[in-house]
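Residue numbers (the working numbering), protein chains in the order written: chain A, 36 to 190; chain B, 21 to 164.
All C-beta atoms in this analysis are idealised placements derived from N, C-alpha and C, irrespective of residue type, glycine included.
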């Protein structure tokens with residue numbers, strides 16, 4: 036009886052949270068669908084920090100797949116921000132500003148963040164020949180040894 | 021013995037509270053992590069990713085407060101053992117994915133499995149201590 040009671044409380048709280056919270060799955064169907072679709076496509080090639088630095092040195096286009104507020108708090112120098120909720124049209128417009136780059140590297144908050152892999156698959160589908168993912172993302176890049184650009188430095 | 025059991029319950033409760041709240045803070049990252057384990061179908065994945073953090077919070081809260089602690093320990097043992105199996109399976113399949121524990125991006129390793137096993141043993145220990153004295157003695161006789 037007690038196991039059932041605890042389970043009922045947990046399930047009720049789950050339903051309330053996902054129905055009313057901004058982070059709830061019922062309220063953010065588009066993001067849930069995005070994650071669902073990401074299962075069906077083959078993952079992009081992943082880079083470690085050293086490889087990412089070398090891509091940066093060779094002038095690859097770096098794309099930050101996090102939400103704009105996170106991007107404004109700090110990002111890899113020269114990165115272009117394409118947030119998860121960007122439409123196909125806006126994505127094309129943003130990438131037009133950097134021409135049609137031969138190599139694109141996408142990063143997100145960290146290995147657990149799904150947006151980099153999702154965006155990489157979209158860009159591959161859009162026809163970009165070489166799209167890679169920096170799996171460590173901002174979390175690894177912004178460790179004390181890395182140099183980073185903050186909004187304060189940009190000003 | 022009672023004090024030892026309460027200490028175990030509070031430690032496990034705090035672990036579950038920390039784990040549950042970190043998952044709620046990054047609910048979409050957690051959904052992605054559960055997806056990456058590639059063990060269950062999509063609808064079950066959503067159900068697990070949605071309910072697991074709340075199960076952890078409810079069980080953690082019950083254990084810290086000391087309410088329905090025996091039932092909470094049973095459920096906590098099942099959850100921890102399931103997690104150990106999922107981690108071992110991912111490790112066996114050489115998946116390089118985040119474990120989804122405590123909101124960090126820690127990639128699954130043998131260390132993750134050992135740590136989860138330790139929590140499982142802690143839960144099992146607390147469960148044995150919560151059994152009535154007679155039952156505990158009887159199980160000792162059976163083991164002998």
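Exposed or buried, which one is residue 133/B when buried takes at least 16 other CB atoms within 10 Å?
buried
CB residue 147/A to CB residue 50/B, shorter than 9 Å?
yes
Give a yes or no on whether the C-beta atoms belonging to residue 72/B and residue 33/B are separated by under 9 Å.
No, Cβ-Cβ distance for residue 72/B and residue 33/B is not below 9 Å.
Say whether chain A places a C-beta atom closer than 9 Å to the C-beta of residue 38/B.
no
Residues in its own chain within less than 8 Å of residue 130/B by CB, not counting five upstream and five downstream?
If we look at residue 130/B and ignore the five residues flanking it on each side, its Cβ neighbours are 111.
Determine the burial state of residue 82/B: buried for a count of at least 16 other Cβ atoms within 10 Å of its Cβ, exposed for fewer.
buried
Cα-Cα separation between residue 114/B and residue 106/B, rounded to whole angstroms
12 Å
Give the secondary structure of residue 57/B by DSSP, where H, G and I count as helix, E and B as strand, and everything else as coil.
When secondary structure is reduced to three states using DSSP, residue 57/B falls in the helix class.
Identify which residue in 156/A, 144/A, 60/A and 90/A has its Cα closest to the Cα of residue 6/A.
Because chain A is modelled from 36 through 190, residue 6/A falls outside the range shown and cannot be assessed.
Along the beta strand (DSSP E) that carries residue 81/A, what are the first and last residues, could you check?
Residue 81/A -> beta strand (DSSP E) spans 80-82.
Quick check on residue 206/A: does DSSP put it in helix, strand or coil?
A question about residue 206/A goes unanswered here, because the residues of chain A that appear run from 36 up to 190.
Can you list the residues of chain B that residue 67/A reaches, using a CB-CB cut of under 9 Å?
48, 51 and 66
Can you give me the C-alpha to C-alpha distance between residue 58/B and residue 80/A, rounded to a whole angstrom?
19 Å
Let me know if residue 122/B comes out buried or exposed under the rule of 16 or more other beta-carbons within 10 Å of its beta-carbon.
Around the beta-carbon of residue 122/B, fewer than 16 other beta-carbon atoms lie within 10 Å, marking it exposed.
Would residue 44/B pass as an interface residue toward chain A - the criterion being a Cβ-Cβ separation below 9 Å?
Judged by the 9 Å Cβ criterion, residue 44/B is in contact with chain A.
Can residue 68/B and residue 41/A be called in contact, C-beta distance under 9 Å?
Between residue 68/B and residue 41/A, the CB-CB gap reaches or exceeds 9 Å.
Give me the Cβ distance between residue 146/B and residue 93/B, rounded to the nearest whole Å; I'm assuming they're in contact under 8 Å.
5 Å
Which two residues bound the contiguous beta strand (DSSP E) that contains residue 165/A?
165-169
Specify the secondary structure class of residue 156/A as computed by DSSP and reduced to three states.
helix
What does residue 208/A touch in chain B if you count any residue whose Cβ is under 9 Å from its own?
The structure shown does not extend to residue 208/A, since chain A is modelled only from 36 through 190, so no value can be given for it.
Just by C-beta distance, which residues in the segment 103-114 of chain B are closer than 8 Å to chain A?
none
Looking at the strands, I want to know which residues DSSP matches up with residue 127/B.
118/B
Does the distance from the CB of residue 133/A to the CB of residue 154/A come in under 9 Å?
no
Closer than 7 Å, Cβ to Cβ, to anything on chain B: give me those residues from the segment 146-177 of chain A, in chain order.
When C-beta distances to chain B are compared with 7 Å, the residues of the segment 146-177 of chain A below that value are 146, 147, 148, 149 and 174, in chain order.
Under the three-state reduction of DSSP, which class applies to residue 45/B: helix, strand or coil?
helix
Limits of the unbroken beta strand (DSSP E) element including residue 98/A:
96-99
Leaving out five residues before and five after residue 87/A in sequence, what residues of the same chain have Cβ atoms less than 6 Å from its Cβ?
169
Candidates 99/B, 89/B and 53/B: closest to residue 74/B by CA position:
Taking only the C-alpha atoms, the option nearest residue 74/B is 99/B.
Can the beta-carbon of residue 91/A be found closer than 9 Å to that of residue 111/A?
At the C-beta level, residue 91/A and residue 111/A come within 9 Å of one another.
If we call anything under 9 Å between Cβ atoms a contact, is residue 100/A one with residue 142/A?
yes
Anticipated Cβ contact below 8 Å, residue 140/A with residue 167/A, distance rounded:
5 Å
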